[in-house]
Structure formats: C-alpha cells, structure tokens
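In my numbering, the protein residues as written are 2 to 260.
Ideal Cβ placement from N, Cα and C applies to all residues, glycine included.
Quick caveat: nothing in here was measured; it's all calculated off a predicted structure.
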Amino acid sequence: MKYGVTLLSSVPGRAEPSDKSEMVTQLLFGDAYKVLDERAKWVRIRLAFDAYECWIDRKQNLFIEKEEYEIIAALKGTPVAGDLVSVLRDESGQMFPVLLGASLPGLREGNLSIGGKSFTLEGEVIEMHKKPIKPLICNYAALFLNAPYLWGGRSPFGIDCSGFTQIAYKMAGKNLPRDAWQQAELGATLSFVEESEPGDLAFFDDEEGNIIHVGILLDEGRIIHASGKVRIDHIDHYGIFNSEIKGYSHKLRLIKKLL
Numbered sequence: 002m003k004y005g006v007t008l009l010s011s012v013p014g015r016a017e018p019s020d021k022s023e024m025v026t027q028l029l030f031g032d033a034y035k036v037l038d039e040r041a042k043w044v045r046i047r048l049a050f051d052a053y054e055c056w057i058d059r060k061q062n063l064f065i066e067k068e069e070y071e072i073i074a075a076l077k078g079t080p081v082a083g084d085l086v087s088v089l090r091d092e093s094g095q096m097f098p099v100l101l102g103a104s105l106p107g108l109r110e111g112n113l114s115i116g117g118k119s120f121t122l123e124g125e126v127i128e129m130h131k132k133p134i135k136p137l138i139c140n141y142a143a144l145f146l147n148a149p150y151l152w153g154g155r156s157p158f159g160i161d162c163s164g165f166t167q168i169a170y171k172m173a174g175k176n177l178p179r180d181a182w183q184q185a186e187l188g189a190t191l192s193f194v195e196e197s198e199p200g201d202l203a204f205f206d207d208e209e210g211n212i213i214h215v216g217i218l219l220d221e222g223r224i225i226h227a228s229g230k231v232r233i234d235h236i237d238h239y240g241i242f243n244s245e246i247k248g249y250s251h252k253l254r255l256i257k258k259l260l
C-alpha cells in the first residue's frame, strides 16, 4: 500500500475520478491518507483523519513513506492553523498558504518538516489541549461566520454544514466523522432544545426522515450553521427560524451532546 499527504491549501476530493464529478470533501494542508487505487490521472484515497474515501487529482498528490504516514496518523493533539490564511515558507522562500483549521503535524517552535520539505510558519497556531474543551467550539465556529456555503467544502472560502461542524470540533480537540448522518450517530440524545449547552449539535431531516443538515447550538436559543453561508439563526423545537425569509428553513430531528 502507498501513502500520501496534502501540502496544498485545499484539494477537492471527488466521488469519481473526473474533474466533472461531485466534490464530496476537501483536503486541507497536512491531511495524510492511504492510497487505495490509482488511475492515470487520479488517486483514490482514505483519509487518516476521518476515514473518508474520495478521488484526488494525481498532480495534487504527494507520496510519503509508510513510517511518516503512521507518525502523522498517530499524532494526538496536532496543532492547527489559527489564522484565516497563514503562510508556510520552505527553505527556498516559496510560500504555501495554509487555511484556518488545517493540521500542522509535528510543528515545533514555528518549524515543520513534512513530505520531505521543511517549513517555517508565519501565523497564529491553535495548540491542542489534552482533552477537548467544549466552550471553545463556539468560539472557533464564529471564526467562520459569513464563509460561503460550498458542497463538500471544509475551509473559510467554502464550507458545507457537516464540514463546518467537523472543523470547529477539530479545532477544539474532538474528531468527528465527515457527514451529518455519521455525526448524528454519536453522543447522547437530548429531549429538548432547552436541555442543550453551547457546543451541542442539532440535526435536521427531510420529509423521508433522512438527516440532511447539522449545526452548532449557541446560547439564548441560537444556532450557528452553514446554509448559504455560515450564519446565526434562532432555533426552537420546530427547527431553525430564518428571520430573512420569516419562516422555518430546517425541521429539527434531534439534538446530540458529544462532550
């Protein structure tokens, strides 16, 4: 088996080996993966972070040794980039943009070696604590306010609902699976919105009962979620009330406490 890592700010992960295929997720700098299959122009991968599988452009793939992959995959408390856009400079001075929430595996005193390259970081770092800190989830989620909605996205320049909850929890030290329905299978179920705490997750379904949306609960009956953009709306036992359309945009299915 082969292994790889992303050294680009963002890489689209597609459902099929084609530029026309749906983007189902997005790799950020520092994401390591196993290589499952190879085509002439494409590589099928499984991400170490959340076990998500997708195809990436071979030109955006960087192979690494198994030993380096295992080190990255086993790291606990990997620091993440804390600025909207940080910069890594390699030994030749070339700049590599790094987006908010991207992993910086092995970062020591501003220096990072990964994929056969050495970098110096210019930007803020979010250091991980030994245990996830729930109050930080809402703080980090707020950094993405007004980020545009993008199906499959995981960055402040385009993000979907479950990518948003995943990255906010990641920055607070808790790993979540990629899709909303997977996240809904975790944690303890709460009976009422009033029982929730800031940082709990609310899930929403369609007419067939399928989980189609997720957001992060705040205080005072509010929720932050990605719908059109990352925004704050009111929530009650019916669902999300959007003041702009003066109606409910999402029907509440369940609330989960993960921390």
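Rounded to whole angstroms, the gap between the alpha carbons of Glu208 and Lys247 is 21 Å. Rounded to the nearest whole angstrom, the CA to CA distance from Ser119 to Gly174 is 25 Å. Contact check between the region 117-133 and the region 74-91: three or more CB pairs, one atom from each, fall below 8 Å, which counts as touching. Bounds of the alpha helix (DSSP H) holding Phe165 are Cys162 to Met172.
Judged by DSSP in its simplified three-state form, Gln61 adopts helix. Assignment of Pro157 by DSSP, reduced to helix, strand and coil, places it in the coil class. Annotation for Tyr249: the continuous beta strand (DSSP E) segment containing it runs Gly248 to Lys258.
The residues Gln27, Ile160, Asp161 and Gly164, in chain order, have a CB closer than 7 Å to that of Gly154 in the same chain once the five nearest residues on each side in sequence are set aside. Comparing C-alpha distances from Ser11 to each of Gln61, Gly5, Thr190 and Lys258 shows the shortest one belongs to Gln61. By the C-beta density criterion, Ser19 is exposed, having fewer than 16 other C-beta atoms within 10 angstroms.
Contact between Thr190 and Leu255 holds: their C-beta atoms lie close to 6 Å from each other, under 8 Å. Counting only runs of at least 3 residues, the region 159-241 fully encloses the following beta strand (DSSP E) elements, listed from N- to C-terminal order: 189-191, 202-206, 212-218, 223-228 and 230-236. Within the DSSP bridge table, the entry for Gln27 names Pro13 as partners.
Around the CB of Asp206, 16 or more other CB atoms lie within 10 Å, so the residue is classed as buried. Within a 10 Å sphere around the beta-carbon of His226 sit 16 or more other beta-carbons, which makes this residue buried. In this model, Asn176 and Lys257 are separated by some 15 Å (Cα to Cα). Cβ neighbours of His238 within its own chain (closer than 8 Å, five residues either side excluded): Phe193, Val194 and Leu253.
In summary, Ser156 is buried, with 16 or more beta-carbon neighbours lying within 10 Å of its beta-carbon over all protein chains present. Taking 4 residues as the shortest admissible run, the region 26-107 contains the following complete alpha helix (DSSP H) segments, listed from N- to C-terminal end: 67-75. For a cut-off of 8 Å, the C-beta gap from Pro149 to Lys230 is around 5 Å, short enough to register as a contact. Residue environment for Glu69: buried (at least 16 other C-beta atoms within 10 angstroms of its C-beta). The beta carbons of Pro98 and Ile73 sit about 20 Å from each other, so the pair does not count as a contact at 8 Å. When the five nearest sequence neighbours on each side are left out, the beta carbons in the same chain lying within less than 8 Å of the beta carbon of Asn211 are those of Trp182, in order along the chain.
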